[in-house]
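In this note's numbering, the protein residues as written are 122 to 369. Ideal Cβ placement from N, Cα and C applies to all residues, glycine included. Please read all numbers here as calculations on a predicted model, not as lab measurements. One structure is given here, and the rest of the page talks about it.
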């Protein structure tokens, strides 16, 4: 297969992360045309004109808090790649964050992306509800309108929120659509990439990329964790109900 364009987001200070993800991508270099993108440091934003775009009032309305500096830096890093894709006329690309891990099955999926016969903006290669220590708690997906693919993969709509921007495929149209919505932003980037309100997104099942739990620091939605620990069976029933709720 032709080498797939990959952008890796990395903070220069995170040398170990860079070494690990570059080494991983190099082991598949015959399939991946990867490029490391220097992440925008959320704690050094004075050089970026984001105040005009960030709507604090709407953030407080939806989140009951302001976006953190890290969340703003993360969002701007992804936005930079979207602009780069349009400028360089990149038709589709895989975006990876430097805390991701994957194996051969990611390459298996990338090899069939061009065979997918439906309209899409984003294909989530990894998604989750939250992480509990080193365990990924999956995001709920819907049975309805699922698309069966080759090699045992299916594309689903998310039935509720799914989080994570550690690994997703985005096409040129998806980058353009998101940039239109992100002229004013008030949510973390994964609220945009993982929501049909902002783009035509599908979630891959099974997922082919996960977060390296050695690098986890406050990931996921911590407010869910006490509830999950106490009502684990109810959480499973909840996801089963979501699975059968019709989603377009």
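query, result
"Which of the three DSSP states is assigned to residue 269 in this structure?", "strand"
"Checking 8 angstroms against the spacing of the C-beta atoms, do residue 299 and residue 230 come in under that value?", "no"
"Helix, strand or coil for residue 368, going by three-state DSSP, please let me know.", "coil"
"Got a sec, what are the start and stop residues for the alpha helix (DSSP H) residue 310 sits in?", "310-314"
"Quick check on the burial criterion: 16 or more other C-beta atoms within 10 angstroms. Buried or exposed for residue 151?", "exposed"
"Do the segment 158-176 and the segment 302-311 meet, that is, are 3 or more Cβ pairs less than 8 angstroms apart?", "yes"
"For a test of the three-state rule: what should DSSP assign to residue 141, helix, strand or coil?", "helix"
"Within this structure, are the beta carbons of residue 216 and residue 204 separated by less than 8 angstroms?", "no"
"Only counting the same chain, and skipping five residues up and downstream in sequence, which positions put a Cβ closer than 6 angstroms to that of residue 332?", "220 and 287"
"From what residue to what residue does the alpha helix (DSSP H) around residue 203 run?", "190-208"
"Taking only the alpha-carbon atoms, compute the straight-line gap between residue 277 and residue 243 and give it to the nearest angstrom.", "12 angstroms"
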